[in-house]
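S.K.: So that we are looking at the same thing, I have put the structure below in C-alpha cells.
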Amino acid sequence: MYSEKVMDHFEHPRNVGEIENASGVGTVGNAKCGDIMRIYLDIDENQIIRDVKFKTFGCGAAVATSSMATELVKGKSVQQAMQVTNRAVMEALDGLPPVKVHCSLLAEEAIHAALWDYAEKNGIQIEGLKRPKTDIHEGEEE
Amino acid sequence: MEEKKCIYLDNAATTKTAPEAVEAMLPYFSTWYGNPSSIYSLAAESKKAVTKARETLAGILGAEANEIYFTAGGSEADNWAIKATAEAYADKGKHIITSKIEHHAVLHTCDYLAKRGYEITYVDVDEDGIIKFEDLKRAIRPDTILISVMTANNEIGSLQPIREIGKLAKEHGILFHTDAVQAFGHIPIEVNECHIDMLSASGHKFNGPKGIGFLYIRKGVKIRSFLHGGAQERSRRAGTENVPGIVGMGCAAELAERTMQERAEKERELSGYLIERMEKEIPYCRLNGDRNKRLPNNVNFSFQFVEGESLLIMLDRKGICASSGSACTSGSLDPSHVLLAIGLPHEIAHGSLRLTVSHENTIEEMDETVDAIKEIVKRLRDMSPLYEDFIKKEGKEDVQ
C-alpha cells in the first residue's frame, strides 16, 4: 500500500530526536485522531535552518512524511522552508494512499508551527506564515 | 507474491484451510460438479455431500439438519437473521437489543434498521468487554422482538453469557440471535441448552474455506427468505449451493469438533505464554478483554504512546502477521468501537495489537514475536512525542 520511498523513510526515519534550546518547536495533531507530530528547528542568525529534528506518534505515513519534511527543510532558509508544502512532501515520497493525505498536511503544519514559534520568540514576521490552526489540545475534550 | 516464512498470528481474521478440507472439496469441482437440484445421478453425489455436511453441522450444535441454512458467510447470516426478523415480527414490535461490541455485520445492519423505523438499544459492556447483564434486562420492553449478542468478541475474545441471555430472551418470548463466527468450532455451543433461536457461523474461521457459512434457524422461527430465486435451502435461501464450500466447511467442522479440546489447550498454552511475557517485559501495556472468560487463541494488548499501524508494518517486515484496532487500519479516524466500548481513551485504543494464535504455532514463534514487539515498541516510543512528554512531565524514568 505504501511506496518504496515511504517504506524507506518509515523504516529508516531521518532526523529523529530532539533539539535542546531549539529556535522553534511546533506540535500539531492530536492523539484522538492517532497522529501527533513535533518538529524542532535550530535556526542561525541568517535565518538558515541549521538543524531539524522530529518526533511523531502515528502511522507509517505520518512517520515517513515527518522524516521527508525534515529532509526538505534542512539547510534551507526560513523563506525556502515556507515553500515546503504538503504536495511537495507527498511528491518527494512518490505519493501516498488517499486516506493518508492528511499526514502530509500535518507535516506542513508542523513545520509552520515550529516556524511560528521561532518568529514569536524572536519578534519577527515571516511572510505568508499564519498562526497554526491545529494544536495538540484541539478535540481532546468531548 | 512469493511465499515467505511467516509467523501467522491473525487467526481471528481468517485461518488456513485444513488440508483435509481441501482434499474433501476437490472432487466437487471437476468430478462431482453436478447441480444438487438436478435430477440425474451425477447430481445425486453433490446432493448427498451437501446433506452430509448439513447433518455434521447440526450434530455439533445439537440441532436438526433442517435447521441449518447455508449462506455465503457470516455477514450474510447476520444480515439475514436481523433484517428478516425485523420484517417478520414488525407486527409485534420494532425494538431490537444488541451490544456495543458486536461485529459491524450486526451493528451496521442495526443502524440500517434504525433508519427505517426500528429502535435499537446498544447495551454497554464492562471494562473486560462482557455485556452488562442487568442493563440488558432493563432494556427489555413489550415491543422487543430480538436480542442479538455475539458468543465471543472478535477483537478482544471476551465470551458473552449467552446461556443466561438465551434464558432471559425465552422467558420474555423474545428471539435470541448470536453471532458465533469467532466461537463456532473453537468452544462448545449447544443451541438448546443456550436457548439460541438463530446462530451465525463462517467456514473460514475454523479452517474451512472462505465464502461459505451458515445460519442456524430454530424450527418455528418465522423468518423468510433474504435472497429470492430458486427453491434451494427449503425455499429460504435461493442460489445454487456452493457445493465444494459446503463440503469443505463440513469437513473442517467435523475436524474442529473432534480436536477441540487438544487445540484449545495448545492455544491456551501459547496465548498464556505471550500474555505472561509481554506483561512482564514490556512497560506501560495492558491486556484488553477478560483474563479468563476469553477465547483460547486471543491476545489483545494496548501499548501506550505507540500507534498500531506502525507496529503492524514493522511486525510485517519481520514476517509476523497480526492486526490492530488502530484507526489507520480501519480506514476511518476512529479507533476500534470495541476498545472504546471497554473504556480505553482514544490514544490508547490507537496503540492496540491483536494476536490470535492457532494450534500450529510454537513456543519458539511466541518468543520471536515477543522479542520483536519489545524492540519495535521501544523504537516507536523513542520517536513518540507522547512518550517524551510522559517521561519529562511525569518525571518518570525511562524503564525501557
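Chains as they are written, first to last, in my numbering: chain A, 1 to 142; chain B, 143 to 542.
By construction, the Cβ of each residue, glycine as well, lies at the ideal position given by its N, Cα and C atoms.
Computed from a predicted structure; not experimentally measured.
#1: Would R38/A pass as an interface residue toward chain B - the criterion being a Cβ-Cβ separation below 9 Å?
#2: Cβ of H479/B less than 9 Å from any chain A Cβ?
#3: Compare the Cα-Cα distances from S290/B to each of D268/B, G327/B, E297/B, H250/B and report the closest residue.
#4: G24/A lies in the beta strand (DSSP E); which residues open and close that run?
#5: In whole angstroms, what is the alpha-carbon distance linking N503/B and N430/B?
#6: Report buried or exposed for S179/B, applying the criterion of at least 16 other Cβ atoms within 10 angstroms of its Cβ.
#7: Chain B beta carbons: is any one of them nearer than 9 Å to that of V52/A?
#8: P13/A touches chain B at which residues, Cβ-Cβ below 8 Å?
#9: Ignoring anything shorter than 4 residues, give me the alpha helix (DSSP H) runs that lie fully in the stretch 143–188 of chain B, in order along the chain.
#10: Classify A491/B: buried if its beta carbon has 16 or more other beta carbons within 10 angstroms, exposed otherwise.
#11: Is it buried or exposed, M1/A, if we count other Cβ atoms within 10 angstroms and call 16 or more buried?
#12: Between G372/B, V512/B, Q302/B, K538/B, which has its C-alpha nearest N177/B's C-alpha?
#13: At a CB-CB cut-off below 7 Å, which residues of chain B make contact with V16/A?
#14: Which value, in whole angstroms, describes the spacing of the CA atoms of R131/A and A119/A?
#15: Looking at the ligand NAP, does it come within less than 8 Å of I289/B, judged from the CB to the closest heavy atom?
#16: Under the three-state reduction of DSSP, which class applies to H370/B: helix, strand or coil?
#17: Reducing DSSP to helix, strand and coil, say where G139/A ends up.
#18: Just to confirm, are Q47/A and S66/A a CB contact at a threshold of 9 Å?
#19: Helix, strand or coil for N46/A per DSSP?
#20: For D35/A, would you say it is in contact with chain B, using Cβ-to-Cβ distances shorter than 9 Å as the test?
#21: Give the residues of chain B in contact with T56/A, contact being defined as C-beta atoms less than 8 Å apart.
#22: Using the beta-carbon of each residue, which ones in chain B are nearer than 7 Å to G155/A?
#23: From what residue to what residue does the alpha helix (DSSP H) around G450/B run?
#24: What residues from chain A crowd round S468/B, counting only those whose CB sits closer than 8 Å?
#25: Could you give the residue range of the alpha helix (DSSP H) that holds G355/B?
#26: Would DSSP call C103/A helix, strand or coil?
#27: Is there a C-beta anywhere in chain B that falls below 9 Å from the one on H137/A?
#28: Check whether the stretch 332–340 of chain B and the stretch 228–248 of chain B are in contact - that is, three or more C-beta pairs closer than 8 Å.
#29: Chain E partners of F447/B, CB-CB under 7 Å?
#30: Would you call the stretch 402–416 of chain B and the stretch 446–460 of chain B in contact, with 3 or more CB pairs under 8 Å?
#31: Quick one: what's F212/B bridged to in DSSP?
#32: What residue range does the beta strand (DSSP E) around I316/B cover?
#33: Which residues share a DSSP beta bridge with F443/B?
#34: Here's a check: name, in chain order, each residue in its chain whose Cβ is nearer than 6 Å to the Cβ of S500/B, leaving out the five neighbours to either side.
#35: What does the alpha-carbon distance come out to for the pair E127/A and S104/A?
#36: Please check if any C-beta of chain B sits within less than 9 Å of the C-beta of I7/A.
M.R.: Concretely, from the data shown:
#1: Within the first sequence, the letter at position 38 stands for residue 38/A. Residue-level contact by beta carbon holds for R38/A and chain B, with a gap shorter than 9 Å.
#2: If you number the second sequence from 1, residue 479/B lands on position 337. Chain A, which has no Cβ nearer than 9 Å to the Cβ of H479/B, makes this no.
#3: Residue mapping note: residue 290/B aligns to position 148 of the second sequence, counting from 1. S290/B has its Cα closest to that of H250/B, out of D268/B, G327/B, E297/B, H250/B.
#4: Translated into positions along the first sequence, residue 24/A becomes position 24. Taken as a continuous stretch (DSSP letters only), the beta strand (DSSP E) holding G24/A covers 24–30.
#5: Along the second sequence, read from residue 1 onward, the residue named residue 503/B stands at position 361. Along the second sequence, read from residue 1 onward, the residue named residue 430/B stands at position 288. Each residue's Cα considered, the two are about 22 Å apart.
#6: Here residue 179/B corresponds to residue number 37 of the second sequence, with the count starting at 1. An exposed status is given to S179/B, since fewer than 16 other beta-carbon atoms sit within 10 Å of its beta-carbon.
#7: Here residue 52/A corresponds to residue number 52 of the first sequence, with the count starting at 1. Answer no: the Cβ-Cβ gap between V52/A and chain B never drops below 9 Å.
#8: As a working mapping, residue 13/A is identified with position 13 in the first sequence. Residues of chain B passing the Cβ test: M525.
#9: Qualifying alpha helix (DSSP H) stretches, in chain order: 161–167, 169–172.
#10: Locating residue 491/B in the second sequence gives position 349, counting from the first residue. Label assigned to A491/B: buried.
#11: Taking the first residue of the first sequence as 1, we reach residue 1/A at position 1. Result: exposed.
#12: Position 35 of the second sequence, counting from 1, holds the residue named residue 177/B. When each option's Cα is compared against that of N177/B, the closest is G372/B.
#13: For the purposes of this step, residue 16/A is taken as residue 16 along the first sequence, with counting starting at 1. Taking a Cβ-Cβ cut-off of 7 Å, the neighbours of V16/A in chain B comprise M525, given in sequence order.
#14: The residue given as residue 131/A occupies position 131 in the first sequence. The residue given as residue 119/A occupies position 119 in the first sequence. Near 10 Å, if we compare the C-alpha coordinates of A119/A and R131/A.
#15: In terms of ligand content, the structure shown is empty, and the ligand NAP therefore cannot be addressed.
#16: Taking the first residue of the second sequence as position 1, residue 370/B is located at position 228. In the structure shown, H370/B sits in coil (DSSP, three-state: anything other than H, G, I, E or B).
#17: Within the first sequence, residue 139/A is the residue found at index 139, counting from 1. Below a pLDDT of 50, predicted positions are generally treated as unreliable, and G139/A, at 42, falls in that range; the measurement from the model is reported next regardless. G139/A falls in the coil class under three-state DSSP.
#18: Counting from one through the first sequence, the residue named residue 47/A turns up at place 47. Counting from one through the first sequence, the residue named residue 66/A turns up at place 66. By the CB criterion at 9 Å, Q47/A and S66/A fall outside the cutoff.
#19: As a working mapping, residue 46/A is identified with position 46 in the first sequence. Three-state result, N46/A: coil.
#20: Position 35 of the first sequence, counted from the first residue, corresponds to residue 35/A. At least one CB atom of chain B sits nearer than 9 Å to the CB of D35/A.
#21: As a position in the first sequence, residue 56/A is number 56, starting the count at 1. Going along chain B in sequence order, the residues near T56/A (Cβ under 8 Å) are M525, S526, P527.
#22: For chain A, the structure presents residues 1 to 142; residue 155/A sits outside this window and is missing.
#23: As a position in the second sequence, residue 450/B is number 308, starting the count at 1. Per DSSP, G450/B belongs to the alpha helix (DSSP H) from 450–459.
#24: To locate residue 468/B, count along the second sequence from 1; it is residue 326. Around S468/B, the beta-carbon contacts reaching into chain A at under 8 Å are G34, C59.
#25: If you number the second sequence from 1, residue 355/B lands on position 213. Careful: G355/B lies outside any alpha helix (DSSP H), inside the beta strand (DSSP E) at 355–359.
#26: In the first sequence, the residue the question calls residue 103/A occupies position 103. It is helical.
#27: Along the first sequence, one-based indexing puts residue 137/A at 137. With a pLDDT of 48 at H137/A, under the threshold of 50, the predicted position of this residue should be treated as unreliable, though the coordinate-derived value follows. Using beta-carbon distances, H137/A does not count as an interface residue toward chain B, since no partner is under 9 Å.
#28: Taking 8 Å as the limit for Cβ pairs, the verdict is that the stretch 228–248 of chain B does not touch the stretch 332–340 of chain B.
#29: Protein chains in the displayed structure are A and B, and chain E is not among them.
#30: Pairwise C-beta distances place the stretch 402–416 of chain B out of contact with the stretch 446–460 of chain B, as fewer than three of them are shorter than 8 Å.
#31: What you label residue 212/B is simply residue 70 of the second sequence in a count that begins at 1. BP columns for F212/B point to F356/B.
#32: Along the second sequence, read from residue 1 onward, the residue named residue 316/B stands at position 174. Premise fails: I316/B is in no beta strand (DSSP E) and is neither H nor E.
#33: In the second sequence, the residue the question calls residue 443/B occupies position 301. Beta-bridge pairing links F443/B to L429/B, L495/B.
#34: As a position in the second sequence, residue 500/B is number 358, starting the count at 1. Here the set comprises N153.
#35: Here residue 127/A refers to the residue found at position 127 when the first sequence is read from its first residue. Here residue 104/A refers to the residue found at position 104 when the first sequence is read from its first residue. C-alpha separation (whole angstroms): 22 Å.
#36: Against the first sequence, residue 7/A aligns to sequence position 7. In the sequence as displayed, the identity of residue 7/A is Met instead of Ile. Under the 9 Å criterion on CB atoms, M7/A is classed as interfacial with respect to chain B.
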